[in-house]
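Residue numbers (this note's numbering), protein chains in the order written: chain X, 901 to 1206; chain G, -8 to 365. Heads up: the structure comes next, in structure tokens.
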């Protein structure tokens, strides 16, 4: 019982990291821009958040720093891709490579550092319920924030005017432009917000999930988040569920090790990555399904004025 | 204000100048970075740009570093030209090293010197196998090759880890995660006594020639390029996109695997957890900076090697972290992509558009026909 409650708790925890990043990428891709730099942004945000946490002792400032770092990198990416029309995939890759190198460089002094005593959060009363209590009500506020964000994003995309405009820009920027909407500015806004969310995800990783800094600690979660957006067919609720699913797979590794399963640890560590491949294969099989749900202008450069 | 204007034709001059422009901007940014870190910028630049080419020994080290970058980038150039985004070259490099090690471990003191060929071939097979998985999943299930190849990089890392910590660990190695040091018969012969550079450099240069011929003098190469530049035209011409996919991935996997094999049969001499040195990712930058052209790639591989060696020197001489190399490499790619805009666009100084009042009522349009002698 205890073990299962723990597993659930950790699944939500791990899933939150992916959720923020994937939701950010969802906003990005809904506007038609693919930002492959998620991994780089998360790494830089992780070190920015960790360093801020070490120096100021404030978690919230750390989150702000992470969001800021992500937004800044995304803005640079956005200007290159939206105004200079550089290849979105190559530029995103460049961002990832840069972010990997820069975070390793900036993080050198922080590998032995520790954050202040980590607070324990719990909702009084509800936290004492059996099973559900520890699983659902002893979480960091950001876990609830991720759920709230999903709901808000779903409402925004499907029930608000601005969400409609965003989706329009993603489906047909030419039409949106013809209607007078500032396509490039909307895309930049989407990219920057997406970057900020990736930044929050990175900061959450280094400040809450594993409160330390190690070079490369994001370990591919940025890429998994990108894959997640695709197999959740760009819908917020599905993204959140997918994020928890993958969080669960990651936790399974530790759970199985604790239970003394006789498999070499490396094979268990491979699980999240193999799972990503498997799900990708399953979803992609039906190319029409993907095409129908994908924002039509993803990856394509937009030239106002023809 | 500055405006970007589409050029009627892509500029050939900028095509070749943009990598240089990108390098110049990177150097400037690097100077600022050195100054911010409290180090003498000129000294920093000297260490990164001059020292790696200053002496024969330095050149020899440069060649050793450039070989794997060159080989992998050649394969990636074919891939990117065909619009196949193989980002997982690092994983293919690791598998190449693993397969090469597996064969190298079979050598006994009585094995002949020809054995190194088997080691290298094993590397090629390993890389091709890993890339083949990506090709299969893309071909049969339409799975995005960027994500699959990347996930496989992490998987490859774990496979390597498992092997060197487990079944392949040298029993006499004091419990360090490493295989035995491979015998001399598995090693590529060195070119000059006293220097570490080996025949791998020759292999790389031959590869440059072969790839140039493939891309620019064969029908197959032509098909690959058209497939990337104008997929609809390629389909119309009957070029098989499926064959292009497999060719591109197997070829780049083979090259990455060969690079891994050469490292095992050369500078490394054994399998350790430190085999993944990021060459697979750096090679992406090498390929782009080299304009996806075999000759350009030679130069950009040399440039990237200078960054690697410069980073190592900066660590020992200036006390800067080695990861500085990664920062420069990323910066270079960024600036290159930005500079590439100038190939297709001109920068023009345009005055801000002001609202133009309608010159005259609409009637003149209707009135004009009388002039045409209706």
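Idealized CB from N, CA, C, for every residue including glycine.
Only buried fits residue 1121 of chain X, as 16 or more other CB atoms lie within 10 angstroms of its CB. Here DSSP, grouped into helix, strand and coil, assigns residue 266 of chain G to coil.
Within the region 219 to 293 of chain G, the complete alpha helix (DSSP H) segments of 4 residues or longer fall at 222 to 227, 232 to 254, 270 to 280, listed in chain order. In the pairwise beta carbon analysis, the region 906 to 914 of chain X is classified as touching the region 1147 to 1157 of chain X: at least three pairs are separated by under 8 Å. For the options G:57, G:338, G:244, the alpha carbon positioned closest to that of residue 123 of chain G is the one of G:244. Here the C-alpha atom of residue 335 of chain G lies approximately 21 Å from the C-alpha atom of residue 934 of chain X. When secondary structure is reduced to three states using DSSP, residue 199 of chain G falls in the helix class.
Residues of the same chain with a CB within less than 6 Å of the CB of residue 330 of chain G, apart from the 5 flanking positions on each side, are 9, 12, 13 in chain order. Using a Cβ distance threshold of 7 Å, residue 1060 of chain X and residue 920 of chain X do not count as a contacting pair. Under the three-state reduction of DSSP output, residue 928 of chain X falls in the helix class.
Not a single C-beta of chain G is nearer than 7 Å to the C-beta of residue 1070 of chain X. Closest in alpha carbon position to residue 993 of chain X, among G:49, G:141, G:113, G:313, is G:141.
Using beta-carbon distances, residue 998 of chain X counts as an interface residue toward chain G, with a partner under 7 Å.
If you draw a straight line from the Cα of residue 1095 of chain X to the Cα of residue 1190 of chain X, it is about 24 Å long. Taking 4 residues as the minimum length, the alpha helix (DSSP H) runs contained wholly in the region 1084 to 1150 of chain X are 1121 to 1131, in order along the chain. Rounded to the nearest whole angstrom, the C-alpha separation of residue 131 of chain G and residue 1086 of chain X is 37 Å. Spatial neighbours of residue 1204 of chain X in its own chain (CB-CB distance under 6 Å, excluding positions within 5 residues in sequence) are listed in chain order as 1077. In the three-state reduction of the DSSP assignment, residue -6 of chain G falls in the strand class, which pools E and B. Among the bridge pairs identified by DSSP, residue 337 of chain G is matched with G:-4. Taken residue by residue, none of the region 1056 to 1087 of chain X has a beta-carbon sitting less than 8 Å from a beta-carbon on chain G. Distances from the CA of residue 1171 of chain X to each of G:81, G:145, G:337 were compared; the closest alpha carbon is that of G:145.
Look at residue 314 of chain G: its C-beta is under 7 Å from a C-beta on chain X. Annotated three-state conformation of residue 189 of chain G is strand, per DSSP. Membership of residue 971 of chain X in the alpha helix (DSSP H) is indicated by the continuous run 959 to 978. Against chain G, the beta carbon of residue 1169 of chain X has neighbours under 7 Å at 149, listed in chain order. Counting only the Cα atoms, residue 190 of chain G lies some 21 Å from residue 96 of chain G.
The contact set of residue 153 of chain G on chain X, defined by CB atoms closer than 8 Å, consists of 1164, 1166, 1167 in chain order. Listed by position along chain X, the residues whose Cβ is nearer than 8 Å to that of residue 322 of chain G are 998. The beta carbon of residue 35 of chain G lies closer than 6 Å to those of 25 in the same chain, with the five residues before and after it left out. For residue 1191 of chain X, the enclosing alpha helix (DSSP H) covers residues 1187 to 1193.
Among the CB atoms of chain G, none fall inside 7 Å of the CB of residue 1138 of chain X. Listed in chain order, the non-local C-beta contacts of residue 98 of chain G below 6 Å within the same chain comprise 106, 174, 176, 177, local neighbours out to five positions each way being set aside. In its chain, beyond the 5 residues on either side, 190 have a beta carbon closer than 6 Å to the beta carbon of residue 180 of chain G. For a Cβ distance threshold of 8 Å, residue set 138 of chain G lies close to residue 1126 of chain X, ordered along the chain.
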